[in-house]
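Residue numbers (the numbering used here): 6 to 84.
Glycine included, C-beta positions come from ideal geometry on N, C-alpha and C.
Remember, predicted model here, so these are calculated numbers, not experimental data.
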């Protein structure tokens, strides 16, 4: 896999990414006839799930930060 995919954010996908690397290393012919396609779909599914979870966490953090800022604005406006 590409080195930019092997990050701390994708640790849960390391095993399936390594399986794809091994499949590709077995030779161009297997890769060319689509023998690795199912593993590739699993990699995509895993990376997508990781990205979705990071986005969910980021949205939650942004909501918390926004609430905190609005509370500070409200307190500042009362003074």
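The shortest C-alpha to C-alpha distance from residue 46 to any of 64, 63, 24 is the one to 24.
Residue 13: not part of any alpha helix (DSSP H); DSSP gives it neither H nor E. Per DSSP, the continuous alpha helix (DSSP H) segment holding residue 67 begins and ends at 42-83. The beta carbons of residue 28 and residue 34 sit no closer together than 8 Å.
Counting along the chain, no alpha helix (DSSP H) covers residue 38, and no H or E run does either.
Counting C-beta atoms within 10 angstroms of its own C-beta, residue 17 has fewer than 16 neighbours from the protein chains shown and is therefore classed as exposed.
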